[in-house]
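In terms of the working numbering, the sequence shown opens at residue 916 and continues consecutively. All C-beta atoms, glycine included, are put in the ideal place defined by N, C-alpha and C.
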Amino acid sequence: MQMPGWNGSNILSTLNKSNCYACALGRPEAQIVPFPLRWSSSRPGVGCMVALFQDSTAWSNKSCQALSLLYPKVWHPAGQPPRAIQLLSPNTKFTSCLSQQEGNLAFLGDLKGCSELKNFRELIIQSALVYPQADVWWYCGGLLLDTLPNNWNGTCALFQLAIPFTLAFHQPEEGKIRYHKAREAPYGSFDSYVCLDTIKSPTGNTRSI
916 MQMPGWNGSN
926 ILSTLNKSNC
936 YACALGRPEA
946 QIVPFPLRWS
956 SSRPGVGCMV
966 ALFQDSTAWS
976 NKSCQALSLL
986 YPKVWHPAGQ
996 PPRAIQLLSP
1006 NTKFTSCLSQ
1016 QEGNLAFLGD
1026 LKGCSELKNF
1036 RELIIQSALV
1046 YPQADVWWYC
1056 GGLLLDTLPN
1066 NWNGTCALFQ
1076 LAIPFTLAFH
1086 QPEEGKIRYH
1096 KAREAPYGSF
1106 DSYVCLDTIK
1116 SPTGNTRSI
């Protein structure tokens, strides 16, 4: 399957394969893929990703520079409408969820399927998540969001989009050798140099012209 901005050569190198076909639907629809980092095992990484939405330089934190290069800031006109996404599988699990349950705030949704959740109020920096990043979005159970508003409320998760496809690997057949056996034709045949193949069918004439 792949993946955001999938690179065929990288995939084949990882699989140690070559000579393949990548097949997808005529009009493929993007699907949600949970962000690969999680609070339990990659807390600094998820923290840096959240920080990039709060500050385009992530406070010049060296540990966040790698993520800032992978997911650079996106510049677009203000007021860009959210984009629709394909429906999720009910078994999808998110590991980079952020929650804020405060009164009198804009409710964005209460995302189900969060196996790892962090309260926004537990973050050291609680500034607004207003800087969109390339190839990473927020999902709160409704539309795709590139940022979260200042007064957001609900449970949301970081995720990426992927185009599903199938890899079919070509395995050339080994060369097949046909063995021909020359034999004399029975009485009355039209040619005594007729060749028979392995299933005793006449296949040609071996006589030099």
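(message) Since residue 1083 and residue 935 should fall inside the 8 Å C-beta cutoff, what is the C-beta to C-beta distance between them, to a whole number of angstroms?
(response) What you label residue 1083 is simply residue 168 of the sequence shown in a count that begins at 1. What you label residue 935 is simply residue 20 of the sequence shown in a count that begins at 1. With 8 Å as the limit, residue 1083 and residue 935 qualify as a contact, their Cβ atoms being about 6 Å apart.
(request) Thinking residue 1052 and residue 1063 are a contact (beta carbons under 8 Å), I'd like their distance in whole angstroms, please. (result) For the purposes of this step, residue 1052 is taken as residue 137 along the sequence shown, with counting starting at 1. For the purposes of this step, residue 1063 is taken as residue 148 along the sequence shown, with counting starting at 1. With a Cβ gap of about 10 Å, residue 1052 and residue 1063 do not count as contacting.
(message) Here's a check: name, in chain order, each residue in its chain whose Cβ is nearer than 6 Å to the Cβ of residue 1081, leaving out the five neighbours to either side.
(response) To locate residue 1081, count along the sequence shown from 1; it is residue 166. Hits under 6 Å: 938.
(request) Indicate whether residue 1065 and residue 1020 have their beta-carbon atoms separated by less than 7 Å. (result) The count along the sequence shown starts at 1 and reaches residue 1065 at position 150. The count along the sequence shown starts at 1 and reaches residue 1020 at position 105. In this structure, residue 1020 does not lie closer than 7 Å to residue 1065 by Cβ.
(message) Can you list, in chain order, the residues of its chain with a C-beta nearer than 6 Å to that of residue 1008? Leave out the 5 residues immediately preceding and following it.
(response) Working through the sequence shown from its first residue, we reach residue 1008 at position 93. So the qualifying residues of the chain are 1028 and 1030.
(request) Sort out for me which residues DSSP pairs residue 1048 with in a bridge. (result) Along the sequence shown, one-based indexing puts residue 1048 at 133. According to DSSP, which records beta bridges pairwise, residue 1048 is partnered with 988 and 1051.
(request) Starting from the C-beta of residue 968, find all residues in its chain whose C-beta is less than 6 Å away, skip the five residues before and the five after it, and write them out in chain order. (result) The residue given as residue 968 occupies position 53 in the sequence shown. Here the set comprises 1044 and 1046.
(request) Just grab the DSSP bridge partners of residue 959 for me. (result) Here residue 959 is taken as the residue at index 44 of the sequence shown, counted from 1. Note: residue 959 sits in no beta bridge, so no partner.
(message) I need the straight-line Cα distance from residue 957 to residue 950, nearest angstrom please.
(response) The sequence position of residue 957 within the sequence shown is 42, counting from 1. The sequence position of residue 950 within the sequence shown is 35, counting from 1. Going by the C-alpha atoms only, they are around 11 Å apart.
(request) Evaluate residue 966 with the Cβ neighbour count: other Cβ atoms within 10 Å of its Cβ, from every protein chain shown; 16 or more gives buried, anything less gives exposed. (result) Counting from one through the sequence shown, the residue named residue 966 turns up at place 51. It counts as buried.
(request) Give the C-beta separation of residue 1035 and residue 1015 to the nearest angstrom, bearing in mind that I take them to be a contact with Cβ-Cβ under 8 Å. (result) Reading the sequence shown from its first residue, position 120 is the one you call residue 1035. Reading the sequence shown from its first residue, position 100 is the one you call residue 1015. About 4 Å; that satisfies the 8 Å criterion.
(request) Could you name the residues that DSSP lists as bridge partners for residue 947? (result) The count along the sequence shown starts at 1 and reaches residue 947 at position 32. For residue 947, which the question treats as bridged, DSSP gives the partners 1076.
(message) Check this for me: beta carbons of residue 952 and residue 1011, under 7 Å apart or not?
(response) Locating residue 952 in the sequence shown gives position 37, counting from the first residue. Locating residue 1011 in the sequence shown gives position 96, counting from the first residue. A contact, by the Cβ cut-off of 7 Å.
(request) Classify residue 1074 as buried or exposed, calling it buried when 16 or more other Cβ atoms lie within 10 Å of its own Cβ. (result) Counting from one through the sequence shown, the residue named residue 1074 turns up at place 159. When all chains shown are included, residue 1074 counts as buried.
(message) What would DSSP say about residue 966, mapped onto helix, strand or coil?
(response) The residue given as residue 966 occupies position 51 in the sequence shown. Here residue 966 sits in helix by DSSP.
(message) Against chain B, does residue 1040 count as a neighbour if the rule is that its beta carbon must be under 7 Å from one of theirs?
(response) Absent here is chain B; the protein component of the structure consists of one chain.
(request) Give the C-beta separation of residue 945 and residue 1078 to the nearest angstrom, bearing in mind that I take them to be a contact with Cβ-Cβ under 8 Å. (result) By one-based count along the sequence shown, residue 945 stands at place 30. By one-based count along the sequence shown, residue 1078 stands at place 163. Confirmed, Cβ separation roughly 6 Å.
(message) If I measure Cβ to Cβ from residue 1085 and keep anything under 6 Å in the same chain, skipping five residues before and after, which residues do I get?
(response) Looking up residue 1085 in the sequence shown gives position 170. Hits under 6 Å: 934.
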